[in-house]
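**Student:** Throughout, the working numbering is defined as the position within the sequence shown, counted from one, plus 914. From the three backbone atoms N, C-alpha and C, an ideal C-beta is built for every residue, glycine too.
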Amino acid sequence: MQLEIFKSKIHRAKVTQAELHYVGSITLDEALMEAADIIENEKVQIVNVNNGERFETYVIKGERNSGTVCLNGPAARKVQVGDVIIIVSYAIMDREEAKNHQPIVIFPDKNNSLN
């Protein structure tokens, strides 16, 4: 049996941009991606703390240490610049692997930096 398990999360990042007329996705600072073990094109769930929206998209690598958290395409309608979001990734694991898995959680500061 395979289970979908919480793999990692960027907890309470601030949206820095929303670009409606872009192909789609979320652009993330490469340093945040690396710290959270999220790779380019990985599917993620976005949870907007400000308005309760929950949706899925995929990740595009942004400039390292830029603090970029930009929702693109239709997802831009689900956020406002300045909103606080949680970015969650999941992984498929067998039951035994899942029992021992320890998720990664990072907590960026108000500038989306990791100090």
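Please identify the residue among ASN1026, ASP1008 and ALA989 whose C-alpha is closest to the C-alpha of TYR936.
**Tutor:** Mapped onto the sequence shown, residue 936 falls at position 22. Of the candidates ASN1026, ASP1008 and ALA989, the one whose C-alpha sits nearest the C-alpha of TYR936 is ALA989.
**Student:** Is there contact here, the stretch 983-998 with the stretch 924-938, by at least three beta-carbon pairs under 8 Å?
**Tutor:** Counting Cβ pairs under 8 Å, three or more are found: they touch.
**Student:** Can you tell me whether DSSP reads MET1007 as helix, strand or coil?
**Tutor:** The count along the sequence shown starts at 1 and reaches residue 1007 at position 93. DSSP places MET1007 in strand when its eight states are reduced to three.
**Student:** Between GLU948 and chain C, is any beta-carbon pair separated by less than 8 Å?
**Tutor:** You won't find chain C in this structure, because it holds only one protein chain.
**Student:** Drop a sphere of 10 angstroms on the beta-carbon of VAL963, count the other beta-carbons inside from all chains shown, and report buried for 16 or more, exposed for fewer.
**Tutor:** As a first step, residue 963 must be located in the sequence shown, where it is residue number 49. Classification of VAL963: exposed, given that the 10 Å Cβ count is below 16.
**Student:** Between MET915, GLU933, THR941 and LEU946, which lies nearest to PHE1021 when the distance is taken from Cα to Cα?
**Tutor:** Walking along the sequence shown from the start, residue 1021 turns up at place 107. The residue with the shortest Cα to Cα distance from PHE1021 is LEU946.
**Student:** Can you give me the C-alpha to C-alpha distance between VAL998 and LYS992, rounded to a whole angstrom?
**Tutor:** Translated into positions along the sequence shown, residue 998 becomes position 84. Translated into positions along the sequence shown, residue 992 becomes position 78. Whole-angstrom Cα-Cα distance: 12 Å.
**Student:** Compute the distance between the beta-carbons of LEU942 and THR982, then report whether it is under 8 Å.
**Tutor:** As a first step, residue 942 is located in the sequence shown; it is residue number 28 there, counting from the start. As a first step, residue 982 is located in the sequence shown; it is residue number 68 there, counting from the start. Taking 8 Å as the Cβ cut-off, LEU942 and THR982 qualify as a contacting pair.
**Student:** Grab me the residues of GLN931's own chain with a C-beta within less than 6 Å of its C-beta, minus the 5 sequence neighbours each way, in chain order.
**Tutor:** In the sequence shown, the residue the question calls residue 931 occupies position 17. These residues qualify, in order along the chain: CYS984.
**Student:** For the stretch 1004-1011 and the stretch 962-978, state whether three or more C-beta atom pairs, one from each stretch, are separated by less than 8 Å.
**Tutor:** No, the stretch 1004-1011 does not touch the stretch 962-978.
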